[in-house]
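Numbering (my numbering), first residue to last: 2 to 254. What follows is a set of notes on a single structure, which appears directly below.
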Ligand code: SAH
């Protein structure tokens, strides 16, 4: 008898594969606050979520949130048709919005930490960019502090986020290499730009039980995703897969 070598689809994948677009479980309140779509990207977005589930994203919360935030509203209208492909897209000033799979991966890593399992409290994001990941995080955490060094992008994020009226997102113009002391300690710190190492300030501002997820330069000058977990015993570092993020730079641009 032939034996199928096809891997078993995850539970999340099976659940999302069945959902027709109109039944996607987006909370009505969230949908209303996100405003009407001028072009209907509902099915493109649902297909993105189905691909995320098929590729191993298991948290229903992450999948729901990725289905709720209208990524095409964060990019230039000429790029909107590509917004639900798994690709990073330019947002101006040589910066990019991260790929949906990377955003989902980082969110899932935060939710898997001890602090994440208790319900995420305060999160610090380094590199606001266009504000997309901040919007995603805002639907998963209590408070989101997001810091950007380029004024034009800080302003762009403000414009993009304004209609969403996400009262728990705090936009800061500043050098994220210093973290943001006023919001500390954080249950999670997420960096959307990668440096040679993780600044000490980020570790100092991480709460016990909290997790930091950041790209850093690994061996052979290749960026890797680094997870730093803080516990009562200290810090534990785990190196994950190769990634491609824009560089972390110091000072205001
Ligand atoms: N999360 C963003 C991705 C933005 S790309 C989004 O959803 O769009 C990374 C961003 O990090 C860029 O906008 C870049 O200007 C910013 N950045 C780089 N170094 C920084 C620093 N030291 N402090 C704050 N922002 C920084």
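We treat Cβ as the ideally placed atom computed from N, Cα and C, and that holds for glycine.
Practice problem: With a 10 Å radius around its C-beta and 16 neighbouring C-beta atoms as the bar for buried, classify residue 22 as buried or exposed. | Solution: A caution first: residue 22 carries a pLDDT of 44, below 50, which makes its placement in the model unreliable, though a value can still be read off. By the 10 Å Cβ count, residue 22 comes out exposed.
Quiz prompt | Distance cut-off 7 Å: residue 129 Cβ against heavy atoms of the ligand SAH | solution = yes
Exercise. Can you tell me the Cβ-Cβ gap for residue 92 and residue 76, rounded? I've got them flagged as a contact below 8 Å.
Key: With 8 Å as the limit, residue 92 and residue 76 qualify as a contact, their Cβ atoms being about 7 Å apart.
Quiz item: What does a CB cutoff of less than 8 Å around residue 24 pick up in its chain, not counting 5 residues either side in sequence?
Solution: The predicted position of residue 24 is uncertain, since its pLDDT is 39 and thus under 50; no value can be drawn from it.
Quiz item: What does a CB cutoff of less than 7 Å around residue 139 pick up in its chain, not counting 5 residues either side in sequence?
Solution: 145, 167, 169 and 170
Exercise. Report buried or exposed for residue 118, applying the criterion of at least 16 other Cβ atoms within 10 angstroms of its Cβ.
Key: exposed
Self-check item: Inter-residue spacing [alpha-carbon to alpha-carbon] between residue 55 and residue 218
Solution: 29 Å
Quiz item: How would you call residue 236, buried or exposed, if buried means at least 16 neighbouring beta carbons within 10 angstroms?
Solution: exposed
Quiz item: Helix or strand or just coil, what does DSSP make of residue 75?
Solution: In the structure shown, residue 75 adopts helical secondary structure according to DSSP, grouped into three states.
Quiz prompt | Closest by C-alpha distance to residue 247, when choosing among 193, 204, 199 and 133 | solution = 193
Quiz item: Looking only at its own chain, which residues have a Cβ that is under 6 Å from the Cβ of residue 238, when we skip the five neighbours before and after it?
Solution: 229
Quiz item: On the three-state DSSP scale, how would you describe residue 141?
Solution: coil
Quiz item: For residue 110 versus residue 244, is the C-beta spacing smaller than 8 Å?
Solution: no
Exercise. Compare the Cα-Cα distances from residue 102 to each of 159, 96 and 72 and report the closest residue.
Key: 72
Quiz item: Since residue 245 is in the alpha helix (DSSP H), which residue starts that stretch and which ends it?
Solution: Segment: none, residue 245 is in no alpha helix (DSSP H) and carries neither H nor E.
Exercise. Using 10 angstroms around the beta-carbon of residue 160, count the other beta-carbons present and answer buried if the total reaches 16, otherwise exposed.
Key: exposed
Quiz prompt | Distance CB(residue 142)-CB(residue 121) smaller than 8 Å | solution = Result yes, Cβ atoms of residue 142 and residue 121 sit closer than 8 Å.
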